[in-house]
Each structure stands twice: as structure tokens, then as C-alpha cells.
């Protein structure tokens with residue numbers, strides 16, 4: 005019986021061939037915590053009387069949700085993680101001195117790699133499948149178990165094969181592809197399954213696109229999203245190694261067998277896909293941007309950033325669209341880079357000056373606005389077009405506010421017009 009990439013990753017880790025549905029105890033290559041979830045894991049770790057991490061170099065804490073601290077409570081949350089990191093001399097601890105959103109920062113640092121098994125107490129840990137890793141979110145007590153033992157229990161997931169065909173058109177990105185997949189599957193259509201992305205579209209997708217796609221696999225209920233290693237992955241890892249004096253470990257490369265078993269095969273004609281807008285209040289409420297234009301949706305706030313679309317390519321397309329233009333008077337344009345490096349690179353490229361000249365405000369790297377924490381809260385009845393990953397009721401602030409999910413090009417051009425606009429109309 006053939007195996008999928010996900011089955012092969014677990015087989016390599018447990019030392020025997022395993023298939024979907026089997027329960028396995030697997031070693032973990034990287035455990036990830038953040039300033040919201042890690043304190044719970046630390047409490048469970050210390051309440052159990054444990055004093056040493058099973059794999060210190062396989063544990064990373066990234067303070068990214070409410071840092072710099074927005075209030076006393078968030079400051080105290082961060083303090084718990086800082087104290088623990090200093091006590092254990094944690095190698096991979098990231099705070100204001102080298103900050104970033106965890107799912108953008110760790111790939112940038114060469115800490116997550118093809119073939120890894122990765123867990124994090126954040127649902128969008130599935131982002132790292134863009135590199136060919138099995139990566140999934142777990143609860144804080146599961147993270148504590150990983151800290152204590154260096155492993156955890158998993159049910160090997162079944163896989164859904166997503167076959168993408170054609171070259172993406174102008175202003176169509178990975179964000180549109182995953183919104184279309186979620187529209188087809190629904191928010192629970194891939195429960196505890198792997199979404200494996202294949203097809204002749206893949207070579208046209210940058211690593212930023214792949215991260216964006218895998219990031220939102222969870223919005224279809226998936227356990228993980230994953231791409232196979234290819235030349236794009238290889239080039240990304242080569243550059244990452246050069247910037248970081250090497251990678252955390254050697255990549256472990258796997259490919260699905262031709263006779264691998266899938267529960268379902270979805271085909272996406274990417275060549276004919278137009279930008280997709282997810283209307284409130286679920287990510288699967290997808291509509292083509294042409295419909296949004298007809299609906300004349302006025303926006304109060306535009307947000308470009310988050311672990312989904314806070315990368316350099318997002319700032320590049322936004323700057324190209326906004327160059328020499330101004331944000332509409334009634335619109336707030338907020339931009340949040342995924343990491344400090346992304347911010348610096350965008351500054352060197354001139355994108356930041358262009359965006360500020362257009363009327364944007366640029367924040368430090370943070371998850372704050374995405375989850376309605378800070379740095380972009382919506383007031384009563386306000387409408388936001390956002391490059392984030394969720395548009396639930398009250399997600400970014402007031403329960404009467406509305407969020408439309410879109411790619412960065414749509415967001416940028418909508419900031420100019422004040423209404424959701426098709427960037428292809430420029």
C-alpha cells in the first residue's frame with residue numbers, strides 16, 4: 005500500500021511503516037509556544053515536578069501576541085515565559101530584541117524544516133507544512149507533554165489531495181487558492197485530515213504563497229497542510245542557511261507514492277480563479293471579487309499583515325498599488341510585518357516610505373490586531389478588509405463589526421477607493 009507524505013513523515017519518526025488511522029507515539033522536532041499559551045504549559049511542567057526539558061534545542065518560545073506588552077496582564081504573561089527561558093537558558097527564545105510572529109519568524113530562522121514533526125499551542129502552526137513538514141496545533145497541556153517527553157501521541161491523519169492546475173492570474177495569490185479550497189470544503193470539511201497540495205500550479209507558487217495556503221488549512225478543519233519539497237523549497241532553504249549560518253538540522257525529504265490513498269481529490273482551476281473574498285462570518289463564505297464590487301462594500305479599516313500575509317511580498321504588492329496614491333479619507337490602513345527582518349527588508353526596498361506616504365501606519369510585528377487584541381481593534385458596526393485568517397463574529401473587536409478576508413492586493417486597492425475593489429481594474 006502506497007503512502008502519503010504525511011504517512012511517510014510519521015513512519016520515519018516512529019521507525020516503522022504506518023498508515024492513516026493508526027495511533028503512534030512520535031518524537032517531535034520542534035515544540036513552539038507563545039506568550040498566551042506557554043504560561044499554561046509551564047505551569048503544568050512545573051506542577052508535575054519536572055526540572056529539565058527533554059529536548060531544549062527542540063523548544064522555541066516566541067512572544068508575539070501582546071508584545072510589547074499592551075497591559076499589566078500581558079506583561080505578567082510574558083514575564084512567566086521570560087523567567088522560564090532564562091532559567092533553562094533557552095536557545096530559541098524570541099522577544100522584543102528579535103521579534104516576529106512565530107509562524108513567520110521560525111522559518112526565517114531555519115528552525116522548521118522539511119520532514120519535521122512540529123507542534124505548537126497555536127492553531128496556525130500548520131503554516132510550516134509549506135516547507136514539507138508535518139506541523140499542527142495542539143493544546144497547552146499537549147505542549148507540556150512534549151516539553152517533558154520530547155514526543156507526543158498522534159493519530160496519523162487521512163489525506164485530501166488538492167490538485168491545482170494552471171498559472172495564477174494577475175493579483176491572484178496563495179491566499180485566493182486557500183480561500184477557494186475552504187469555500188469548497190467548508191469549515192469542517194477536512195476535520196483531522198491532511199490537505200496535500202499538488203499540481204502544475206505548484207512551481208508558480210512562492211514560499212510566501214505556500215505558507216499562506218498551509219496557514220489556513222485549519223480553517224477547513226484540517227490537521228495539517230503540506231507541500232512536497234521542490235526547487236522553490238530548496239532555494240528558500242539555501243538562502244535561509246546563508247543568513248543563519250546553517251539550518252537547525254538536515255531536511256528530511258519525502259514524496260507521496262503514486263498509489264497513495266486519499267479520502268478525496270479536489271481540483272482547482274487556478275488559471276481561471278479570480279481574487280476571492282471571504283464574507284462575514286466564516287472563512288468558507290467565499291465570493292469572487294467581482295461580486296464584492298457589485299455589492300459596493302464600504303470599508304473603514306484595511307489591515308495587511310498577520311502570520312497569513314505579513315511577508316515581504318505582501319508589502320511589495322501593496323506598495324506597488326499605493327505608489328503615488330492616497331488612502332481614502334475615511335479609511336485606516338494598518339500594516340503589520342511578520343518579523344523585524346521583513347520590516348527592515350521592506351524599508352530598504354522603499355516599500356515602507358511609499359506606504360507611509362500613502363497614509364498607512366506601520367506597527368511592530370504582532371498578532372495583536374488579528375485576534376482582536378490590540379493595534380487595530382474595530383468599533384461598533386465598522387467594516388474591515390483584512391489579510392488575516394479568520395472573520396468570526398467579534399474576531400477583531402466589536403461583535404457588530406464585520407471582517408472580509410482577502411489578499412494583499414485587494415486590500416491595498418480597497419484602501420484607495422474606500423470600497424472593496426478589484427485590483428485588476430487598475
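Residue numbers (my numbering): 5 to 430.
For every residue, glycine included, the Cβ atom is placed at its ideal position computed from N, Cα and C.
Given the structure is predicted, the values throughout are model-derived calculations rather than measurements.
{"Query": "Nearest residue (CA-CA) to residue 134, options 46, 107, 322 and 102", "Result": "107"}
{"Query": "Backbone CA spacing between residue 109 and residue 72 [nearest angstrom]", "Result": "16 Å"}
{"Query": "Contact set for residue 65: own chain, Cβ-Cβ below 6 Å, skip 5 residues either direction", "Result": "37, 42, 85, 89 and 97"}
{"Query": "Length at least 4, wholly inside the region 326-378: the alpha helix (DSSP H) runs in chain order", "Result": "344-352 and 355-362"}
{"Query": "Cβ shell of residue 343 (< 6 Å), same chain only, five flanking positions each side left out", "Result": "104, 108, 109, 112 and 369"}
{"Query": "Between the CA atoms of residue 114 and residue 79 - distance to the nearest angstrom", "Result": "28 Å"}
{"Query": "For residue 254 and residue 173, the rounded distance between their alpha carbons", "Result": "35 Å"}
{"Query": "Residue 282 (DSSP reduced to helix, strand or coil)", "Result": "strand"}
{"Query": "Euclidean distance between Cα positions of residue 301 and residue 410", "Result": "13 Å"}
{"Query": "Rounded separation between residue 170 and residue 414 - CA only", "Result": "21 Å"}
{"Query": "Close-in-space but distant-in-sequence residues of the same chain around residue 183 (CB under 6 Å, 5 per side omitted)", "Result": "280, 282 and 290"}
{"Query": "Buried or exposed by the 16-neighbour rule on C-beta atoms within 10 Å, applied to residue 12", "Result": "buried"}
{"Query": "Helix, strand or coil at residue 305 [DSSP, three-state]", "Result": "strand"}
{"Query": "Sheet register partners of residue 273 (DSSP bridge)", "Result": "169"}
{"Query": "Min CB distance residue 7 to chain D below 9 Å", "Result": "The structure shown has no chain D; it contains just one protein chain."}
{"Query": "Minimum length 3: unbroken beta strand (DSSP E) runs contained in the region 94-163", "Result": "96-98, 121-124, 138-141 and 155-159"}
{"Query": "Which listed residue (351, 265 and 136) has its alpha carbon closest to that of residue 165", "Result": "265"}
{"Query": "Beta-carbon contacts of residue 225 that lie in its chain and below 7 Å, excluding the five residues immediately before and after", "Result": "191, 192, 193, 194 and 195"}
{"Query": "The region 378-391 touching the region 353-360, judged by at least three CB pairs closer than 8 Å", "Result": "no"}
{"Query": "Beta-carbon proximity list for residue 92, same chain, < 7 Å, skipping 5 on both sides", "Result": "57 and 60"}
{"Query": "Beta-bridge pairing of residue 228 - partner residues as DSSP gives them", "Result": "198"}
{"Query": "First through last residue of the beta strand (DSSP E) which encompasses residue 38", "Result": "34-38"}
{"Query": "Backbone secondary structure at residue 424 - three-state DSSP", "Result": "coil"}
{"Query": "Extent of the continuous alpha helix (DSSP H) to which residue 179 belongs", "Result": "178-189"}
{"Query": "Residue 70 (DSSP reduced to helix, strand or coil)", "Result": "coil"}
{"Query": "Backbone secondary structure at residue 296 - three-state DSSP", "Result": "helix"}
{"Query": "C-alpha distance - residue 377 paired with residue 76, whole-angstrom precision", "Result": "14 Å"}
{"Query": "Own chain partners of residue 406 with C-beta closer than 6 Å, once the 5 adjacent residues on each side are dropped", "Result": "284 and 387"}
{"Query": "Nearest candidate by alpha-carbon position, reference residue 131, set 223, 397 and 148", "Result": "223"}
{"Query": "Residue interval of the alpha helix (DSSP H) (run including residue 43)", "Result": "42-51"}
{"Query": "Residue 90: first and last residue of the uninterrupted beta strand (DSSP E) it sits in", "Result": "It is not in any beta strand (DSSP E) - residue 90 instead sits in the alpha helix (DSSP H) that spans 76-91."}
{"Query": "Selected residue, minimal CA-CA separation from residue 251, among 19, 315 and 243", "Result": "243"}
{"Query": "CB of residue 232 within 9 Å of CB of residue 325, strictly", "Result": "no"}
{"Query": "Alpha carbon of residue 296 to alpha carbon of residue 402, nearest angstrom", "Result": "23 Å"}
{"Query": "C-beta contact flag for residue 292 and residue 393 at 9 Å", "Result": "no"}
{"Query": "Runs of beta strand (DSSP E) lying entirely within the region 394-423, each at least 3 residues, in chain order", "Result": "406-409"}
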